[in-house]
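**Q** Supplied in structure tokens, the structure appears directly below.
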Amino acid sequence: MDKICLSEEIYKMIKFFLLMNKQGQIRLCRYYEPMEIQKRTLLESDVIKKCLSRTKDQCSFVEYKDFKLVYRQYAALFVVIGIDDAENELAVYELIHNFIEVLDKYFSRVCELDVSFC
Amino acid sequence: MYDVLDESLRRADLNHNITYAILFECIQTIYTIHPKSELLEKAAKCTGKFILSPKNNLKYLGLKALTYVIRQDLNLVLQHQLTIIECLDHSDPIIKRETLELLYRITNAQNVAVIVQKLLDYLRQSKDEYITINLVGKIAQLAEQYAPSNEWFIQTMNTVFAVGGDMIQPEIPNNFLRLLAEGFDDEVEDKQLRLYAVNSYLALLEKPKAQYPLKFLQVMSWVLGEYSYLKTETKPEDVIQKLHCLLGKCAANLETKAWILSAITKLYRLTLNVKAIPEIMQHFGNSMDPCLRQSCFELKQFIENREMMTSVLPLNASCDDIVVDASLSFLDGFVADALGRGVAPYKPHHQRQEEKLAQEKVLNFEPYGLSFPTSPHTSSVTGRQSPADLSLHSEISYNSTESGLKDSEGLKLEGVKKVWGMKGYLRSKESKEETSSKAIAVSEGEMAAQCPSTAESVVSISAEEQERQRLASSLFVGLGSNNLVNLMGKTPSTAHTFRRKSKNIEKQNSSNKMTSAQKATASHPGEIPDLMDNVPESCISFQESKAVPLVNAATCSGVEPGQVSDQAWALNNNLIEAKPTASKESFSGLFADGNFDIIQPVNCNSSSVAHEPVSSLTPNLPVEFSEFLHSGFEQVCATENVTLSSCKVWKEDCLLIILFFTNHSNIEVTNVTIEFTLTEELKAVESSTFHFATIECHASVRCQLCLQMVKPCSQVALSGHVSYHPKTHQCTEEKCTLTLFLTDFIRPLKLSTEEFGNLWLSLSNDVKQNLNVSSKSSEALTSALNTLQKELQLHIVAIIGTEGIVSCQLLPSTACLLHCRFHAGTLSLWLRSGCGVLPDCLLYECQKVIRKM
Chain A
459 MDKICLSEEI
469 YKMIKFFLLM
479 NKQGQIRLCR
489 YYEPMEIQKR
499 TLLESDVIKK
509 CLSRTKDQCS
519 FVEYKDFKLV
529 YRQYAALFVV
539 IGIDDAENEL
549 AVYELIHNFI
559 EVLDKYFSRV
569 CELDVSFC
Chain B
5 MYDVLDESLR
15 RADLNHNITY
25 AILFECIQTI
35 YTIHPKSELL
45 EKAAKCTGKF
55 ILSPKNNLKY
65 LGLKALTYVI
75 RQDLNLVLQH
85 QLTIIECLDH
95 SDPIIKRETL
105 ELLYRITNAQ
115 NVAVIVQKLL
125 DYLRQSKDEY
135 ITINLVGKIA
145 QLAEQYAPSN
155 EWFIQTMNTV
165 FAVGGDMIQP
175 EIPNNFLRLL
185 AEGFDDEVED
195 KQLRLYAVNS
205 YLALLEKPKA
215 QYPLKFLQVM
225 SWVLGEYSYL
235 KTETKPEDVI
245 QKLHCLLGKC
255 AANLETKAWI
265 LSAITKLYRL
275 TLNVKAIPEI
285 MQHFGNSMDP
295 CLRQSCFELK
305 QFIENREMMT
315 SVLPLNASCD
325 DIVVDASLSF
335 LDGFVADALG
345 RGVAPYKPHH
355 QRQEEKLAQE
365 KVLNFEPYGL
375 SFPTSPHTSS
385 VTGRQSPADL
395 SLHSEISYNS
405 TESGLKDSEG
415 LKLEGVKKVW
425 GMKGYLRSKE
435 SKEETSSKAI
445 AVSEGEMAAQ
455 CPSTAESVVS
465 ISAEEQERQR
475 LASSLFVGLG
485 SNNLVNLMGK
495 TPSTAHTFRR
505 KSKNIEKQNS
515 SNKMTSAQKA
525 TASHPGEIPD
535 LMDNVPESCI
545 SFQESKAVPL
555 VNAATCSGVE
565 PGQVSDQAWA
575 LNNNLIEAKP
585 TASKESFSGL
595 FADGNFDIIQ
605 PVNCNSSSVA
615 HEPVSSLTPN
625 LPVEFSEFLH
635 SGFEQVCATE
645 NVTLSSCKVW
655 KEDCLLIILF
665 FTNHSNIEVT
675 NVTIEFTLTE
685 ELKAVESSTF
695 HFATIECHAS
705 VRCQLCLQMV
715 KPCSQVALSG
725 HVSYHPKTHQ
735 CTEEKCTLTL
745 FLTDFIRPLK
755 LSTEEFGNLW
765 LSLSNDVKQN
775 LNVSSKSSEA
785 LTSALNTLQK
795 ELQLHIVAII
805 GTEGIVSCQL
815 LPSTACLLHC
825 RFHAGTLSLW
835 LRSGCGVLPD
845 CLLYECQKVI
855 RKM
């Protein structure tokens, strides 16, 4: 049982965590997998394109290449997390919200400026 | 587990996203574990709710949950099929994808056609590579598994190939071809399948402007090559013609061309019409690609040798195993011929392997050129040679394990300190030094033992830096991670341990002597100095600690110090490993047990009260202080009636100035105040004002002033004034001045070499000076340092060869480290301290001392 858990653990992964604005500028990026710089920029631009092309009522889980993106929009900021198949998308969705709430508490009414220049 | 899941499902009433996430996880778990009907029901209900929810996120989750559900229970899908169909046409492509995913999982023979159709539709309009690959794989799998008919299958596969393009994984065409080749057990069906394939491809190729992906072309050409014979209506030439056209299209890459060529070759089994061949040969005979060339020549050979062709390329035998003669026996004749001609035979396999290994492991030590022995003086740089120089000088010594220490023709080692030996870094073997003398002897012995070759000598390199570094590394060994603070804080106690031990040794020797003397306090000063002589330090800690309470006790009653010892002990019990039964009467009892720790001077009462009537008029140092190094008495100020004299006692942690105020006159003197104004350099541990109410005629009082130097300077004048009121006269005030020197405040600092090294590296204020020493002998350094030690109360940490390290501290706790090197009549001093001014002042003192030598 433990072995199975372990192998599942390996695949339960958040690949990256991005905070970007509508223009595609990165406010925060954190990669949990090794990725070259060029690939990253490519990824980021791709991701923002995908997120921008979605409407409000469409679901927040986008398939991108071989993993999924969970994104959430807060005013002009997009929070995007890249996850693989084993993750619970809604849980990650809530994780984003939790993160924003924490920022809000810390900065008291957080705005994009806070995140860029903190 | 069931209970937990049950509970979770029950509590999930709240309409919050995270609740839904948890629910989803529960559902997932329920369908993964051993099924339990109630839970399954509940989960199914939940899933239904998800799917029917208007929110897209939840719909997505619902669909995903369904994919788990269908492993167990397909009814749920049936229940919600309408919804699912809706989702299929959903505006959101993600939901669509997920639905398709679901459909993929529920495919069976009945619905395969529809589902595959849907999938293909999606495939057509998707542009994403990953999705394409994914879908193609799925479709191919479904088609293979559930194909309702051959035609359908072929058609589907064709569509897949056409739409999927070149992004499909290579397994898919390979599987397809294999399927065709292996066929089913039924011959008829096989034939039918293949025929259909052939027909379809021919039809496809007919289309004038069709562009097909390369993989598709490959598949087509193979099939046509293999199975065109089945289509008896078509002439092989036509097929060949078609393929030839294909070849001509430049879009086809080399690999595809090779495939096509091989197909054409196969087709030529069927026909004798070889008109097209010369053209082919011309085109591809000279191609750069060896595969194409090979195919060309094969074709040519086959044409010329029909029997070979039929044997090599039998009809419909693509799945037959090819038997290969592994020993290549058909080449034996060729080999024999070659051997007969005198060609060298092949090396056996194992020999080849050995040679290969041997080549890899051994380094080539053959020098490229002759090595020239050069004299040491030609090269200016001795220590830091460039590798090029070294390679010229070094011998071929790859067998030596030493780092070249032994080779006299090898590395130039004159003047280089031997710190590396066979066992590694030599300094690491030195033991921690407890006593400086012991350490020196031990270390020198060890060094001699470990250095097989010449004695160490420090080379005089022009660059000061190199020298410094080398010295530092050679002297300061085994730098651990000693805490500086501890170091400084510990110093007194380490000093004490040392002292204690030596004390004990000596005590045992003289304890008999001591215990015999009962009272005679006068005798003790005589004996104690014996001990003192053996100890480099002049100040003895425990005595000091004793002295302080003794003063306390003595002040109250002027009692014999011996008798007071009991009370004194009681006072300081916590710090003493006391032998409580030691003889109380004698002073010796006090000193017999040497395990006392230092007691802070705070313990001593403020000396403003500590005035004691002294028996005689002439000031004399109280007994307790006679053990310390002290100066003689000097008069500070004197009038006809009164005299103030002082005596310096160099205690361990402060400079004690004992003041004697003597009233020579016959009149009582009242209101005596002795006050000192302290400049910024000095600090009084206790007060600097002393007050005596009355002093009898012909009496004297004593008080002590405890000082520390906070700002180092060579000399400081301590001024004060004395005011007194003789009974008959008016109040008088006299000024007095005391001169204090830096040396009064320097105390030795007990450090081991390691600690010295640590401290050295952490301090930064440097002062350097070269002093001329009269003697040039090798003993000069030792004598100089000993003099310094004696005069200035420094502590020699170690003397190694012509270098010595010395440490001291300025009270209260500023350390100063000295590094001395003796070379050709010059003593180079290098002082380092935490305080900026201290090295200068101390250097000045050292200079004075050395000059006097």
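Listed in order, the protein sequences are those of chains A and B. Numbering-wise (the numbering used here), the first sequence opens with residue 459 and increments by one. Numbering-wise (the numbering used here), the second sequence opens with residue 5 and increments by one. Cβ coordinates follow ideal geometry from the N, Cα and C atoms, glycine included.
Could you say which of A:Thr513, A:Tyr522, A:Asp524, A:Gln496 lies nearest to A:Gln531 if we only look at CA atoms?
**A** The candidate whose alpha carbon is nearest that of A:Gln531 is A:Thr513.
**Q** Do B:Ala214 and B:Trp156 come within 8 Å of each other at the CB atom, strictly closer than that value?
**A** No, they are not a contact pair.
**Q** With distances taken from CA atoms, which of B:Phe694, B:Ala688, B:Cys658, B:Val689 is nearest B:Thr674?
**A** The residue with the shortest Cα to Cα distance from B:Thr674 is B:Phe694.
**Q** Enumerate in chain order the residues of its own chain whose CB-to-CB distance from B:Thr743 is below 6 Å, with the five nearest sequence positions on each side excluded.
**A** Within the same chain, B:Thr743 has close Cβ partners Ala721.
**Q** Just checking, does the region 761-768 of chain B make contact with the region 787-798 of chain B on the three C-beta pairs under 8 Å criterion?
**A** With a cut-off of 8 Å, the region 787-798 of chain B and the region 761-768 of chain B do not count as touching, because too few Cβ pairs lie within range.
**Q** Let me confirm a value: B:Gln813 is counted as buried when at least 16 other C-beta atoms fall within 10 Å, else exposed. Which label applies?
**A** Looking at its Cβ environment, which holds 16 or more other Cβ atoms inside 10 Å, B:Gln813 is buried.
**Q** Using a Cβ cut-off of 8 Å, which residues of the region 542-558 of chain A contact any Cβ in chain B, in chain order?
**A** Going along the region 542-558 of chain A in chain order, one finds Asn546, Glu547, Leu548, Ala549, Tyr551, Glu552, His555 with a Cβ nearer than 8 Å to chain B.
**Q** Taking the straight line between their C-alpha atoms, what separation do you get for B:Val164 and B:Asp125?
**A** Cα to Cα, B:Val164 sits roughly 11 Å from B:Asp125.
**Q** Hey, could you find the ends of the alpha helix (DSSP H) B:Leu48 is sitting in?
**A** The identity of residue 48 of chain B in the sequence shown is Ala, whereas the question assumes Leu. First-last of the alpha helix (DSSP H) with B:Ala48: 41-56.
**Q** Please say whether A:Val528 and A:Glu502 have beta carbons closer to each other than 8 Å?
**A** No, these two residues do not count as a Cβ contact at 8 Å.
**Q** Expressed to the nearest angstrom, what Euclidean distance is found between the alpha-carbon atoms of B:Lys246 and B:Ile119?
**A** Roughly 35 Å separates the two Cα atoms.
**Q** Using 10 angstroms around the beta-carbon of B:Arg15, count the other beta-carbons present and answer buried if the total reaches 16, otherwise exposed.
**A** Result: exposed.
**Q** Residues of chain A with CB under 8 Å from B:Tyr64, in chain order?
**A** Ordered by position in chain A, the residues that pass the 8 Å Cβ test against B:Tyr64 are Cys517, Phe519, Glu547.
**Q** What is the DSSP secondary structure of B:Cys701, counted as helix, strand or coil?
**A** In the structure shown, B:Cys701 sits in coil (DSSP, three-state: anything other than H, G, I, E or B).
**Q** Kindly list, in the order they appear in chain A, the residues whose Cβ is closer than 8 Å to that of B:Arg101.
**A** Within 8 Å Cβ-Cβ: Glu521.
**Q** What's the C-alpha gap between B:Ala342 and B:Leu274?
**A** Those two C-alpha atoms are separated by around 39 Å.
**Q** Can you tell me the Cβ-Cβ gap for B:Ile801 and B:Ser811, rounded? I've got them flagged as a contact below 8 Å.
**A** Per the sequence presented here, residue 801 of chain B reads as Val, with Ile not at that position. Between B:Ser811 and B:Val801 the Cβ distance is about 6 Å, and since that is below 8 Å, they are a contact.
**Q** Going by the CB atoms, is the gap between B:Cys50 and B:Leu67 shorter than 8 Å?
**A** The answer is no: Cβ separation not under 8 Å.
**Q** Tell me, to the nearest whole angstrom, how far the beta carbon of A:Glu521 is from that of B:Arg101; I am working on the premise that it is less than 8 Å.
**A** Going by Cβ atoms, the distance from A:Glu521 to B:Arg101 rounds to 6 Å, so yes, they are a contact pair.
**Q** B:Phe546 to B:Ser704, Cα distance in whole Å?
**A** A caution first: B:Phe546 carries a pLDDT of 43, below 50, which makes its placement in the model too unreliable to give a value.
**Q** Touching or not, the region 329-348 of chain B and the region 296-312 of chain B, by the rule of three or more beta carbon pairs under 8 Å?
**A** No: fewer than three Cβ pairs fall under 8 Å.
**Q** What residues in the region 71-98 of chain B bring their beta carbon closer than 8 Å to a beta carbon of chain A?
**A** Per Cβ criterion, the list reads Ser95, Asp96, Ile98.
**Q** Which of the three DSSP states, helix, strand or coil, is assigned to B:Thr87?
**A** In this structure, B:Thr87 counts as helix in the three-state DSSP scheme.
**Q** Work out the CA separation of B:Leu317 and B:Ile2 for me, nearest whole Å.
**A** What the structure shows of chain B is the stretch from 5 to 857, and residue 2 of chain B is not part of that stretch, so it cannot be assessed.
**Q** Take the Cβ of B:Pro540 as the centre, count every other Cβ of all protein chains shown within 10 Å, and call the residue buried at 16 or more, exposed below.
**A** Here B:Pro540 scores only 43 on pLDDT, less than 50, and its place in the model should not be relied on; the value that follows carries that caveat. With 16 or more other Cβ atoms within 10 Å, it is buried.
**Q** Mapping the DSSP letters down to three states, classify B:Gly425 as helix, strand or coil.
**A** Correct three-state label for B:Gly425: strand.
**Q** How far does the alpha helix (DSSP H) with A:His555 in it reach, from first residue to last?
**A** Run containing A:His555: 547-565, per the alpha helix (DSSP H) assignment.
**Q** Which one or two residues does DSSP pair with B:Tyr728 in a beta bridge?
**A** Beta-bridge pairing links B:Tyr728 to B:Thr736.
**Q** Answer yes or no: does any C-beta atom of chain B fall closer than 8 Å to that of A:Asp572?
**A** Closer than 8 Å: no.
**Q** Check the DSSP bridge columns for A:Ile539 and list the partner residues they point to.
**A** Per DSSP, A:Phe475, A:Val528.
**Q** The beta strand (DSSP E) with B:Glu638 in it runs from where to where?
**A** 633-642 is the span of the beta strand (DSSP E), which, as asked, contains B:Glu638.
**Q** Determine the chain B residues that contact A:Asp524 at a beta-carbon separation under 7 Å, and present them in chain order.
**A** In chain order: Tyr134.
**Q** Can you give me the C-alpha to C-alpha distance between B:Leu367 and B:Glu358, rounded to a whole angstrom?
**A** Rounded to the nearest angstrom, the two C-alpha atoms are 16 Å apart.
**Q** Tell me which same chain residues have a C-beta within less than 6 Å of the C-beta of B:Ala48, skipping the five on either side of it?
**A** Correct list, in chain order: Leu80.
**Q** Using the beta-carbon count (16 or more within 10 Å), is B:Tyr429 buried or exposed?
**A** Label assigned to B:Tyr429: exposed.
**Q** Comparing alpha-carbon positions, which option in B:Leu78, B:Glu148, B:Pro282, B:Val726 lies nearest B:Gly187?
**A** Of B:Leu78, B:Glu148, B:Pro282, B:Val726, the residue nearest in Cα terms is B:Glu148.
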